[in-house]
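Some notes on the structure that comes next.
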Amino acid sequence: MAPSPTGLLHIGNVRTALFNWLFARHHGGEFKLRIENTDTSREVAEAVDQIQDSLSWLGLDWDGPHTFQLDRIDDCRRVAERLVVEGKAYADEGAIRFRMPDEGTTAWDDVVRGRIEFPNEKLEDLVLVRSDGRPTYNFASPMEDVWDGITHVIRGDDHVSNTPKQINLIRAVGAEPPVYAHVPSVFGTDGKKLSKRHGAVTVDEFRAAGYIAPALVNFLALLGWAPDGETTIMSREELIERFSLERVQPSPAAFDFQKLDWMNGVYLRAMDPDEYAHAVVLYLGEQGYDWDAELVHKAAPLVQEKIEKLGDFPAFARFLFEDVRLDGYELDGRVLEEAERQLAGVEPFTADEIEAALRSLAERLGLKPRDAFQPIRIAVTGSKVSPGLFESLELLGKERALARLSAARS
RNA sequence: GCCCCCAUCGACUAGCGGCCUAGGUCGCCACCCUUUCAAGGUGGUAGCGCGGGUUCGAAUCCCGCUGGGGGCACCA
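Numbering (the working numbering), first residue to last: 1140 to 1549.
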């Protein structure tokens, strides 16, 4: 993977990185991380760290230390000078240009696109070294592929037209080109390139919204690839086991947030309750909530079946940590008063006991459970939508529960 | 303008000449379950862009069209 350090990691680049990673792990190869920073003018200070954080969070571990393209500046210059001596390149207004062949074609068998041929007459003599001495991407990148022993280049299809140039360059220095696989881009559901207006685009944004890494990885893997027509949910191990470049689709894929949401929910629900609670605590901490961790831990199971993203947790559980506002609700005072009286006598104040008490209350008042419970729910949680009422009451505790029922009547 | 690529339900896809009355998943709709919301269960909706070929037979192969995308920097 070879990102340029110009900002936060885009989810489309992650998809490409994921394919690289899956391919490498499947074949027992190495997945390399290279920072392509030859364009110093566009470099963003924190980007290198952020890119690594994002990859680590996703679990896409790379082999060996990450490298910087700019570190090879001297090697690149030496090669450029040699190419000039050999007559394969020439000076041009302070820069050095590579002489592309004028006749014939340059071709390669792209693993996802099939055979691609370019007439050489269409290839411009490309700048190898800028007049200020820095190598260009199209020079440094293929040279590094050679020096690093890269066997497979898996990258976005916006690089297709660069490939014949890079192949000619590699051959000019007497090396064999790697295998290329150009994967299609990721669009929004409207068919336009995925951008901010579609929602989250950087890994950080997905993380902040409460998506979890395994779900995101599973979803991304299915964007342009499928092991068969049936399987949807796959563990990291199964993904590695079944991944193959040959089954990567040559056509672009649309990013469907609804399906991601669903899949994230599937992963959330499948988590061990303790592990889940821990993830919620961690997430809320990251997001700057100062809610009591122990209470969060206890509340987590109440919403595990209900939310799709960790970011949905606060909306369900806020009533446990903050006062509720009842603006705009008209509640049946009689139900609230009876409930308060009934609950006052419940001991111990547990979900089971509470349920028994409230059900008998509903019966006594001749109300259907839903009609009896809804005003209580609203009075206690401040919302028509909440975790289970009885468990919620238990967690709130008798004192606070009674206080809210009382407050709701005034 | 010049090169190049892509094309199955709204979305992700299976399909690689007969197993297709085109399958799965998300979404959507209905019903069931139900203390709200979810989750879960059952059923349903919806597609091979168009036109020519090739073939006994085409979603699958070929050509054209249309539509979409990418590239054409001393950016990566």
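For each residue, glycine too, the CB sits at the ideal point set by N, CA and C.
Looking at residue i: is its Cβ nearer than 8 Å to the Cβ of residue j?
| i | j | result |
| --- | --- | --- |
| I1212 | V1223 | no |
| V1322 | I1351 | no |
| F1158 | D1202 | no |
| L1470 | P1412 | no |
| E1479 | V1485 | no |
| V1251 | P1389 | yes |
| L1465 | G1521 | yes |
| A1432 | V1420 | yes |
| A1547 | A1511 | no |
| S1195 | E1175 | no |
| Q1161 | L1378 | Looking at the sequence shown, residue 1161 is not Gln but Leu. Yes, the pair counts as a contact, with Cβ atoms nearer than the cut-off. |
Given a threshold of 16 other Cβ atoms within 10 Å of its Cβ, counted over all protein chains shown, does residue i qualify as buried or as exposed?
| i | result |
| --- | --- |
| T1302 | buried |
| S1193 | buried |
| S1383 | exposed |
| Q1208 | buried |
| A1141 | buried |
| T1290 | exposed |
| R1254 | exposed |
| T1371 | exposed |
| Q1305 | buried |
| A1320 | buried |
| A1454 | exposed |
| E1494 | buried |
| A1163 | buried |
| G1151 | buried |
| P1281 | buried |
| A1409 | exposed |
| R1509 | exposed |
| A1156 | buried |
| A1456 | buried |
| R1516 | buried |
To the nearest angstrom, how far is it from the Cα of residue i to the Cα of residue j?
| i | j | result |
| --- | --- | --- |
| D1249 | D1297 | 14 Å |
| D1451 | G1349 | 8 Å |
| L1316 | S1525 | The sequence given here has Pro at residue 1316, not Leu. If I take the Cα positions, the gap works out to 59 Å. |
| A1483 | S1531 | 16 Å |
| K1557 | Q1426 | Outside the shown range of the chain, which is 1140 to 1549, sits residue 1557, and nothing can be said about it. |
| Q1481 | A1496 | 7 Å |
| R1269 | R1217 | 14 Å |
| P1240 | N1259 | 6 Å |
| M1373 | V1187 | 30 Å |
| D1200 | K1448 | 24 Å |
| L1267 | D1343 | 35 Å |
| A1279 | E1380 | 33 Å |
| A1360 | S1334 | 19 Å |
| L1541 | R1375 | 48 Å |
| K1537 | R1543 | 10 Å |
| L1148 | T1245 | 33 Å |
| V1183 | K1331 | 26 Å |
| F1257 | T1145 | 31 Å |
| W1430 | G1295 | 43 Å |
| D1462 | F1488 | 21 Å |
| D1214 | R1221 | 11 Å |
| A1428 | G1327 | Contrary to the premise, residue 1428 reads as Tyr rather than Ala in this sequence. Straight-line Cα distance between these residues: approximately 31 Å. |
| V1356 | A1230 | 47 Å |
Quick one: residues in its chain with C-beta nearer than 8 Å to the C-beta of residue i, no 5 flanking neighbours on either side, listed in chain order?
| i | result |
| --- | --- |
| L1434 | L1459, F1460 and L1534 |
| L1362 | R1154, V1325, A1392 and F1394 |
| R1386 | W1364, A1365 and P1366 |
| V1405 | A1354 and I1372 |
| A1219 | A1228, I1235, L1267, V1268, P1274 and F1278 |
| A1314 | V1285 |
| K1507 | A1501 |
For residue i, which residues of its own chain have a beta-carbon under 6 Å away from its beta-carbon, when the five flanking residues on both sides are left out?
| i | result |
| --- | --- |
| F1358 | L1399 and M1402 |
| A1416 | H1436 and A1439 |
| T1206 | R1173 |
| G1226 | none |
| E1232 | none |
Starting from the C-beta of residue i, find all residues in its chain whose C-beta is less than 7 Å away, skip the five residues before and the five after it, and write them out in chain order.
| i | result |
| --- | --- |
| D1264 | R1236, F1237, R1238 and M1239 |
| G1527 | L1441 |
| Y1422 | G1349 and L1449 |
| P1204 | none |
Taking 7 Å as the cut-off, does the CB of residue i come closer than this to any heavy atom belonging to the ligand FMN?
| i | result |
| --- | --- |
| R1503 | By its list of ligands, the structure shown contains no ligand whatsoever, and the ligand FMN lies outside what it can speak to. |
Does the contact criterion of 3 or more C-beta pairs under 8 Å hold for the stretch 1362-1369 versus the stretch 1327-1338?
no
Measuring CB atoms only, is the stretch 1467-1484 touching the stretch 1496-1508, in the sense that at least three cross pairs come out at less than 8 Å?
yes
Quick check: the stretch 1269-1289 against the stretch 1299-1314, are at least 3 beta-carbon pairs closer than 8 Å?
Judged by Cβ distances under 8 Å, the stretch 1299-1314 makes contact with the stretch 1269-1289, as three or more pairs qualify.
Kindly confirm or deny that the stretch 1264-1281 and the stretch 1177-1192 touch, where touching means at least three C-beta pairs closer than 8 Å.
The stretch 1264-1281, when compared against the stretch 1177-1192, does touch it at the 8 Å Cβ threshold.
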